[in-house]
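Participant:
Residue numbers (UniProt numbering): 1 to 203.
Listed below in structure tokens is the structure:
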């Protein structure tokens with residue numbers, strides 16, 4: 001079997017690697033190479049957990065003193081709403097149910113030079129006793145939304161500022177996010193989710 005150096009000398013190029021294999025590719029036709037690039041995006045979630053007292057479930061960044069909402073990266077083949085439920089549970093011990101996606105943010109050239117998609121999710125708490133994940137956050141607590149929004153970090157940081165404003169719009173006005181609608185593929189029985197504004201769609 002040819003080793004990696006020999007394959008590279010034959011014109012093969014690195015495409016991507018996983019824990020159990022390394023993928024190299026070689027474009028045979030004498031035309032422009034149209035082999036799609038490997039994964040170009042990373043999917044993250046941020047979870048807003050609001051109780052009936054208008055208090056948000058937040059944790060404090062290690063060594064910063066900044067209180068933030070639970071966040072994390074979706075696992076392979078994990079739905080956005082499932083990732084949000086898992087991340088809240090891992091960071092705080094709180095059980096939640098997904099309500100809707102309120103917004104999402106796209107930024108390029110971040111982790112491993114990939115594009116980052118972060119979905120901001122509204123969650124409803126099913127439990128209230130906090131168990132902090134000490135590896136990532138120093139502490140966790142329920143905090144009034146107004147107090148969270150008043151942090152200097154939230155006042156000066158664009159994303160954090162908009163998170164606060166979106167929360168207020170959801171609580172006090174008719175801000176409507178996106179709900180997952182399960183749909184079946186035309187080609188097979190695989191189920192996927194279309195996220196849409198069902199409120200305006202049905203009115």
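Cβ atoms here follow ideal geometry from the backbone N, Cα and C, with glycine treated the same way. This structure is a prediction, so every number in the text was calculated from the model and none was measured.
1) Indicate the three-state DSSP secondary structure (helix, strand or coil) for residue 177 in the structure shown.
2) From the DSSP output, which residues share a beta bridge with residue 144?
3) If you run the structure through DSSP and keep just helix, strand and coil, what is residue 72?
4) Mind checking residue 120: buried by the 16 CB within 10 Å criterion, or exposed?
5) Over the uninterrupted beta strand (DSSP E) stretch that includes residue 128, give me the two end residues.
6) Identify, in the order they occur along the chain, each residue of the same chain with its Cβ nearer than 6 Å to the Cβ of residue 71, setting aside the five sequence neighbours on each side.
7) For residue 23, count neighbouring C-beta atoms within 10 Å of its own C-beta (all shown protein chains included) and say buried if the count is 16 or more, exposed if not.
8) Is there contact between the region 77-87 and the region 51-60, where contact requires at least three CB pairs shorter than 8 Å?
9) Is it buried or exposed for residue 173, if we count other Cβ within 10 angstroms and need 16 for buried?
10) Looking at C-alpha atoms only, which residue of 192, 109, 126 is the closest neighbour of residue 98?
11) Figure out for me which residue from 74, 29, 92, 188 has the closest Cα to the Cα of residue 11.
12) Is residue 122 near the ligand ATP, going by C-beta to nearest heavy atom under 8 Å?
13) Of the residues 107, 123, 124, which one's Cα is nearest the Cα of residue 117?
14) Can you tell me which residues form a DSSP beta bridge with residue 24?
15) In whole angstroms, what is the alpha-carbon distance linking residue 165 and residue 65?
16) Specify, as a first and last residue, the run of the beta strand (DSSP E) that residue 98 falls within.
17) According to DSSP, simplified to helix, strand and coil, what is residue 119?
18) Enumerate in chain order the residues of its own chain whose CB-to-CB distance from residue 153 is below 7 Å, with the five nearest sequence positions on each side excluded.
19) DSSP three-state label for residue 191, please.
Facilitator: If we stick to the structure as given:
1) Your numbering for residue 177 matches position 177 in the chain shown. In this structure, DSSP gives residue 177 a state outside helix and strand, which the three-state scheme calls coil.
2) To locate residue 144, count along the chain shown from 1; it is residue 144. Its beta-bridge partners are 55.
3) The residue given as residue 72 occupies position 72 in the chain shown. DSSP places residue 72 within a strand segment (E or B) once states are collapsed to three.
4) Locating residue 120 in the chain shown gives position 120, counting from the first residue. Classification for residue 120: buried.
5) Counting from one through the chain shown, the residue named residue 128 turns up at place 128. Looking at the DSSP string, residue 128 is not in any beta strand (DSSP E), and its letter there is neither H nor E.
6) The residue labelled residue 71 in the question sits at position 71 within the chain shown. Non-local C-beta neighbours of residue 71 in its own chain, meaning closer than 6 Å and more than five positions away in sequence, comprise 46, ordered along the chain.
7) To locate residue 23, count along the chain shown from 1; it is residue 23. Of the other Cβ atoms in all chains shown, fewer than 16 fall within 10 Å of the Cβ of residue 23; this residue is therefore exposed.
8) Too few Cβ pairs lie closer than 8 Å, so no.
9) As a position in the chain shown, residue 173 is number 173, starting the count at 1. Its Cβ having fewer than 16 others within 10 Å, residue 173 is exposed.
10) The sequence position of residue 98 within the chain shown is 98, counting from 1. Selected option, being the one with the closest Cα: 126.
11) Looking up residue 11 in the chain shown gives position 11. Ranking 74, 29, 92, 188 by Cα distance to residue 11 puts 29 first.
12) In the structure shown, the ligand ATP is absent, as is every other ligand, since no ligand is present at all.
13) Your numbering for residue 117 matches position 117 in the chain shown. Comparing Cα positions, the closest option is 107.
14) Counted from its first residue, the chain shown places residue 24 at position 24. 14, per the DSSP bridge assignment.
15) The residue labelled residue 165 in the question sits at position 165 within the chain shown. The residue labelled residue 65 in the question sits at position 65 within the chain shown. Take the alpha-carbon of residue 165 and the one of residue 65: they are about 21 Å apart.
16) Residue 98 sits at position 98 when you count from the first residue of the chain shown. Run containing residue 98: 96-107, per the beta strand (DSSP E) assignment.
17) Residue numbering aside, residue 119 sits at position 119 when the chain shown is read from its first letter. Residue 119 sits in a strand when the DSSP states are folded into three classes.
18) If you number the chain shown from 1, residue 153 lands on position 153. For residue 153, the CB contacts under 7 Å within the same chain, skipping 5 residues up- and downstream, are 66, 160 in chain order.
19) By one-based count along the chain shown, residue 191 stands at place 191. Note: residue 191 maps to strand in three-state DSSP.
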